[in-house]
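Worksheet: one structure, shown below.
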Amino acid sequence: MREIRSDREVLEEISHKFQIYGELLHAEVCKIGHINETYIAAYYQAGTRVRYIHQRINTDVFKNPDHVMENVMRVTKHIRDTLRKKQIKEVTRRTLTLVPTRDGLPYYRDCYDNCWRTYFLIEDTRTYDVVKNERQAYQAGKAFGEFQNYLINLKGNRLYDTIPNFHNTPLRLETLYKAIEEDKFNRAAGVKREINFIKKHEAIAPILIRGLKDGSIPERITHNDTKFNNVMMDVKTDEAMCVIDLDTVMPGTVLYDFGDMVRTTTSSTTEDELNLSKVKARTSMFQSLAKGYVENAGSFLTPKEKSLLTFAGKLITYTIAIRFLTDYLSGDVYFRVHRPFHNLDRCRTQLKLVESLERKEDEFQKFVDLL
Ligand code: GN1
Ligand code: MG
113 MREIRSDREV LEEISHKFQI YGELLHAEVC KIGHINETYI AAYYQAGTRV RYIHQRINTD
173 VFKNPDHVME NVMRVTKHIR DTLRKKQIKE VTRRTLTLVP TRDGLPYYRD CYDNCWRTYF
233 LIEDTRTYDV VKNERQAYQA GKAFGEFQNY LINLKGNRLY DTIPNFHNTP LRLETLYKAI
293 EEDKFNRAAG VKREINFIKK HEAIAPILIR GLKDGSIPER ITHNDTKFNN VMMDVKTDEA
353 MCVIDLDTVM PGTVLYDFGD MVRTTTSSTT EDELNLSKVK ARTSMFQSLA KGYVENAGSF
413 LTPKEKSLLT FAGKLITYTI AIRFLTDYLS GDVYFRVHRP FHNLDRCRTQ LKLVESLERK
473 EDEFQKFVDL L
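Reminder that position 354 of the sequence shown reads as 466 in this note's numbering, one-by-one numbering, no gaps.
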């Protein structure tokens with residue numbers, strides 16, 4: 113039987129495995145994120161207090177941690193080198209820095225087969241679940257636009273697909289339909305409205321994947337999880353400092369990235385808001401986001417990519433709704449939940465946002481066309 117150990121015991125053990133030589137003072141769980149387990153740990157080292165992030169990689173989701181870590185190492189090194197070349201200051205606050213194990217490896221596998229990695233914690237930054245003002249929205253667009261821009265000239269082999277078919281909406285739909293058919297937890301009868309809405313929108317599902325396959329949408333290196341809370345913001349200036357959560361950085365289309373920015377940056381509420389009447393896409397946030405993104409990614413965007421930016425917001429929101437609903441029907445096995453019906457609540461919020469984005473689609477795209 114697996115022994116139950118406290119967080120403190122686990123962290124005491126793993127902390128000695130990395131190239132950190134101080135004493136562990138304090139550690140706490142970071143509740144942001146639905147997949148990996150993240151801890152913030154403070155150490156007393158060489159006469160001062162320093163903080164690190166320890167993260168247990170969810171290997172049910174990321175089945176090949178070697179691939180994930182190789183991608184992360186290549187991407188962070190490339191960004192670090194690029195920032196240095198450009199003589200940009202505070203490089204270690206502007207990209208993640210991995211702390212290797214004492215054996216020089218990118219992650220540590222413990223005796224339970226848990227995979228752990230460590231990053232510097234970026235001090236004087238924080239994340240937000242909901243965008244507060246237009247400056248933040250602009251900064252989010254800029255941060256991910258720059259991120260993609262820096263990676264345009266990453267040399268060498270194609271990055272690994274850490275989760276194959278991650279944004280393949282038709283495949284996500286198929287998985288949903290299978291879950292409805294199986295209905296293992298007798299939950300399908302309660303979600304007829306959601307299923308109908310999803311079915312009615314089926315036609316949008318293949319549009320981006322088709323473009324990627326026929327080459328009309330270029331494959332690029334993309335982040336693939338561009339939630340607003342994956343941008344560390346400077347606490348004093350509200351400048352976007354660093355893009356985090358690099359496990360899904362892999363080949364894809366910038367449209368999914370921009371789409372997920374639209375989903376999380378324009379939304380007036382958190383992802384799991386219960387009061388659906390509050391959920392809408394905010395026009396001023398969209399405009400600031402699009403401006404920040406196009407100004408910084410602009411030089412490589414093709415006209416076709418640009419013409420689909422608004423549509424991508426609707427499509428990715430629809431896709432995430434499908435994924436939340438599938439997980440609800442499957443017994444909440446993928447996304448971490450904190451209350452009953454959590455995944456269903458998340459799905460409903462996303463679908464409400466799809467409706468709102470749909471209403472504003474033409475208006476939003478007109479704005480993008482003028483940028
Ligand atoms: C997951 O782990 P987190 O919370 O950053 C998910 C994303 C979803 C997001 C929805 C690997 O991201 O795809 O958009 O939840 N990540 C994975 O909030 O599935
Ligand atoms: Mg993530």
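All C-beta atoms, glycine included, are put in the ideal place defined by N, C-alpha and C.
Residue i CB to nearest heavy atom of ligand 2 below 6 Å
{"i": "Asp337", "result": "yes"}
{"i": "Asp357", "result": "yes"}
Burial state of residue i (16 or more Cβ within 10 Å)
{"i": "Val445", "result": "exposed"}
{"i": "Asp337", "result": "buried"}
{"i": "Ala409", "result": "buried"}
{"i": "Asn298", "result": "exposed"}
{"i": "Val466", "result": "buried"}
{"i": "Lys197", "result": "exposed"}
{"i": "Thr395", "result": "exposed"}
{"i": "Val122", "result": "buried"}
{"i": "Tyr156", "result": "exposed"}
{"i": "Lys137", "result": "In the sequence as displayed, the identity of residue 137 is Leu instead of Lys. Result: exposed."}
{"i": "Ala352", "result": "buried"}
{"i": "Ala88", "result": "Within the shown structure, residues of the chain are numbered from 113 to 483, placing residue 88 beyond reach of any answer."}
{"i": "Glu383", "result": "buried"}
{"i": "Thr213", "result": "buried"}
{"i": "Tyr133", "result": "exposed"}
{"i": "Glu135", "result": "exposed"}
{"i": "Ser411", "result": "exposed"}
{"i": "Phe130", "result": "buried"}
{"i": "Gln462", "result": "buried"}
{"i": "Val449", "result": "buried"}
Beta-carbon proximity list for residue i, same chain, < 7 Å, skipping 5 on both sides
{"i": "Lys418", "result": "Val480"}
{"i": "Thr287", "result": "Thr438"}
{"i": "Met113", "result": "Because the pLDDT at Met113 is just 45, under 50, the model does not fix this residue reliably, and the value given afterwards should be weighed accordingly. Contacts found: none."}
{"i": "Val347", "result": "Asp236, Thr237, Arg238"}
{"i": "Thr422", "result": "Glu473, Phe476, Gln477, Val480"}
{"i": "Arg192", "result": "Val203, Thr207"}
Cβ-heavy atom distance, residue i to ligand 1, below 6 Å
{"i": "His146", "result": "yes"}
{"i": "Ile169", "result": "no"}
{"i": "Ile550", "result": "Absent from the model: residue 550. The displayed extent of the chain is 113 to 483, so no value can be given."}
{"i": "Ile132", "result": "no"}
{"i": "Ile432", "result": "yes"}
Continuous beta strand (DSSP E) stretch holding residue i: start and end
{"i": "Phe232", "result": "227 to 232"}
{"i": "Tyr250", "result": "No beta strand (DSSP E) contains Tyr250, which is instead part of the alpha helix (DSSP H) from 246 to 263."}
{"i": "Ile333", "result": "332 to 334"}
{"i": "Cys223", "result": "Segment: none, Cys223 is in no beta strand (DSSP E) and carries neither H nor E."}
{"i": "Arg186", "result": "First-last for Arg186: 177 to 197, but that is the alpha helix (DSSP H), not the beta strand (DSSP E)."}
{"i": "Pro212", "result": "Careful: Pro212 lies outside any beta strand (DSSP E) and carries neither H nor E."}
{"i": "Gln131", "result": "It is not in any beta strand (DSSP E) - Gln131 carries neither H nor E in the DSSP assignment."}
{"i": "Tyr164", "result": "160 to 169"}
{"i": "Gly364", "result": "362 to 364"}
Nearest-angstrom beta carbon gap, residue j and residue i [assumed within contact, 8 Å]
{"i": "Pro282", "j": "Pro318", "result": "5 Å"}
{"i": "Thr237", "j": "Cys354", "result": "7 Å"}
{"i": "Leu483", "j": "Lys416", "result": "Actually they are not in contact, since the Cβ atoms of Leu483 and Lys416 sit about 15 Å apart, beyond 8 Å."}
{"i": "Tyr368", "j": "Ala433", "result": "Rounded, the Cβ-Cβ distance is 15 Å, inconsistent with contact."}
{"i": "Val243", "j": "Ala249", "result": "5 Å"}
{"i": "Tyr219", "j": "Ile169", "result": "7 Å"}
{"i": "Cys227", "j": "Thr171", "result": "6 Å"}
{"i": "Phe386", "j": "Thr429", "result": "It is Leu, not Phe, that sits at residue 386 in the sequence shown. Going by Cβ atoms, the distance from Leu386 to Thr429 rounds to 18 Å, so no, they are not a contact pair."}
{"i": "Ala300", "j": "Leu441", "result": "6 Å"}
{"i": "Arg284", "j": "Arg435", "result": "6 Å"}
{"i": "Met373", "j": "Leu401", "result": "6 Å"}
{"i": "Thr376", "j": "Val391", "result": "That pair is no contact at about 12 Å."}
Neighbour flag for residue i against chain B, beta carbons, 7 Å
{"i": "Ile434", "result": "Considering every chain present, this structure includes no chain B. It has just one protein chain."}
Terminal residues of the alpha helix (DSSP H) in which residue i lies
{"i": "Glu351", "result": "Where Glu351 is concerned, there is no enclosing alpha helix (DSSP H), given that its DSSP letter is neither H nor E."}
{"i": "Tyr155", "result": "From DSSP, Tyr155 is part of no alpha helix (DSSP H) but of the beta strand (DSSP E) over 149 to 157."}
{"i": "Thr204", "result": "203 to 206"}
{"i": "Gly323", "result": "319 to 326"}
{"i": "Val243", "result": "No alpha helix (DSSP H) contains Val243, which DSSP labels as neither H nor E."}
{"i": "Pro415", "result": "415 to 419"}
{"i": "Gln311", "result": "Rather than Gln, the amino acid found at residue 311 in this sequence is Lys. It spans 304 to 312 - the alpha helix (DSSP H) in which Lys311 sits, taken as one unbroken run."}
6 Å CB neighbourhood of residue i in its chain, flanking five on each side removed
{"i": "Ile234", "result": "Arg205, Met344, Cys354"}
{"i": "Arg332", "result": "Val366"}
{"i": "Gln260", "result": "Val366, Ala409"}
{"i": "Leu420", "result": "Leu367"}
{"i": "Phe309", "result": "Leu463"}
8 Å Cβ shell around residue i - same chain, five flanking residues per side excluded
{"i": "Thr360", "result": "Thr274, Ile275, Phe278, His335, Asn336, Asp337"}
{"i": "Arg270", "result": "Pro363"}
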